[in-house]
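In terms of UniProt numbering, the sequence shown is residues 1 to 362. Idealized CB from N, CA, C, for every residue including glycine.
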Amino acid sequence: MKKTHLVRPMMAGATLALAAVLSLGLSACGATGSSANSGSAAGSAVQSSDAGKSSASTSTDDKVAKSVDLKIAEDGAVSFTDDLGNTVTVKKPKHVVACMGSFANAWELAGGKLAAATDDAYENYGVDADKVASVGRSTSLSLESIMAQDPDFVIATGLSDGKHSTGVSQSDLKSALDASEIPCAFFKVTTFDDYLRMLRIFTAITGRDDLYQKNGLDVQASIKKAVKKYSVSDKKPRVLVMSSYSKGVTAQDSTGMTGAMVKELGATNVCDENPSALTDFSIESIAALDPDYIFVLSVGADAKAAERNFTQSVESNPAWGELSAVKAGNYKVLDSAHFMSKPNAKWDESYTILGKALAKMN
Numbered sequence: 001m002k003k004t005h006l007v008r009p010m011m012a013g014a015t016l017a018l019a020a021v022l023s024l025g026l027s028a029c030g031a032t033g034s035s036a037n038s039g040s041a042a043g044s045a046v047q048s049s050d051a052g053k054s055s056a057s058t059s060t061d062d063k064v065a066k067s068v069d070l071k072i073a074e075d076g077a078v079s080f081t082d083d084l085g086n087t088v089t090v091k092k093p094k095h096v097v098a099c100m101g102s103f104a105n106a107w108e109l110a111g112g113k114l115a116a117a118t119d120d121a122y123e124n125y126g127v128d129a130d131k132v133a134s135v136g137r138s139t140s141l142s143l144e145s146i147m148a149q150d151p152d153f154v155i156a157t158g159l160s161d162g163k164h165s166t167g168v169s170q171s172d173l174k175s176a177l178d179a180s181e182i183p184c185a186f187f188k189v190t191t192f193d194d195y196l197r198m199l200r201i202f203t204a205i206t207g208r209d210d211l212y213q214k215n216g217l218d219v220q221a222s223i224k225k226a227v228k229k230y231s232v233s234d235k236k237p238r239v240l241v242m243s244s245y246s247k248g249v250t251a252q253d254s255t256g257m258t259g260a261m262v263k264e265l266g267a268t269n270v271c272d273e274n275p276s277a278l279t280d281f282s283i284e285s286i287a288a289l290d291p292d293y294i295f296v297l298s299v300g301a302d303a304k305a306a307e308r309n310f311t312q313s314v315e316s317n318p319a320w321g322e323l324s325a326v327k328a329g330n331y332k333v334l335d336s337a338h339f340m341s342k343p344n345a346k347w348d349e350s351y352t353i354l355g356k357a358l359a360k361m362n
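See below:
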């Protein structure tokens, strides 16, 4: 897919801040988000209408809003606590940069428009590369590209930079944005509840509570129906969730996205019972765990390489064919759209896929 690199003129202050931060290296990030720039920005990046708003647009007494200390001022400024504990204030942003594809999608689901996003937004979520600039991959963010957009709100991941990250670090990104008084919010999204919390904030900023209902609460209701319909809590099957990378295979406990859904459907994750399997993973360890059902997902930028690795390192091993779950046909390869990328407004579909598989267990 074609990726454009649209560039807006940088503010002088942002340029100086960028130069200062690049000389600091891994600096500490202690300041909280600011709304100085966004408060003076003309226009808005939201697609709103009076018909689309509900009385809840100005009410923050719901449970999710309270959990993030969400406040909406009379002038439209929205303040909240992000997942790193920072207090952030945003007012009708028009140049929004999303540093992860799923965040870009969530912002659009909230009725917002994007100035820039990471490449996985185009690849996995259908964000228009001809209208939205690229700031690099989510694991190799370009600070220069972010600042070049003259952003008034940046949405970033609050998860660890990770050993595979080669771009600007969390601390450097926050320091640069703080120095230019650009609001930045960090989110940690693994489960549907995490996504719902983020969507609640986004729709408060865009003023689109109708989209919080459609892409959040309605999805939540659908998830509850799926869990009730496909619950296996009476049988409590022992399930193994495996992640295949291009260079290895690991197991996932209930803190992972798929593992959390499996647990909510009433199954028992064998790695919760045997945490040593998370670090000492092999065909022999799988045989010892003897799970009733096995889910496998391909992880990483090169899904085909991950699949080849799984075939060569796992399926080709004679011991794999001797596993009870494999013999019984209780083994499913999960698609990346629902289980590697965050499914966001399609999270209910992910529960249904898992639930149907477990319900048909031989």
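Residue pairing by DSSP places M242 opposite A251, V296 in a beta bridge. Distance from the Cα of A357 is smallest, within the candidate group A176, R208, Y230, for Y230. The C-alpha of T352 lies about 25 angstroms from the C-alpha of D290. For C271, the CB contacts under 6 angstroms within the same chain, skipping 5 residues up- and downstream, are A251, D253, A277, L278 in chain order. Look at K94 here: in three-state DSSP terms it is coil, with no helix or strand label. Secondary structure of A104 (DSSP, three-state): helix. In the structure shown, the three-state DSSP call for V127 is coil.
In terms of Cβ geometry, M100 and T190 do not form a close pair [threshold 8 angstroms]. Taking 8 angstroms as the cut-off, the Cβ atoms of V68 and T81 count as close. By the criterion of at least three beta-carbon pairs nearer than 8 angstroms, the segment 165 to 180 is not in contact with the segment 325 to 341. When Cβ pairs closer than 8 angstroms are counted between the two stretches, the segment 226 to 245 is seen to touch the segment 258 to 266, the count reaching three or more. Beta-bridge pairing by DSSP links V78 to I72, V90. Between D152 and K71, the C-beta spacing is not below 8 angstroms. S350 and K224 have their alpha carbons spaced roughly 12 angstroms apart. Here T206 carries a helix assignment [DSSP, helix/strand/coil]. Within the model, the alpha-carbon separation for G167 versus A319 is close to 41 angstroms.
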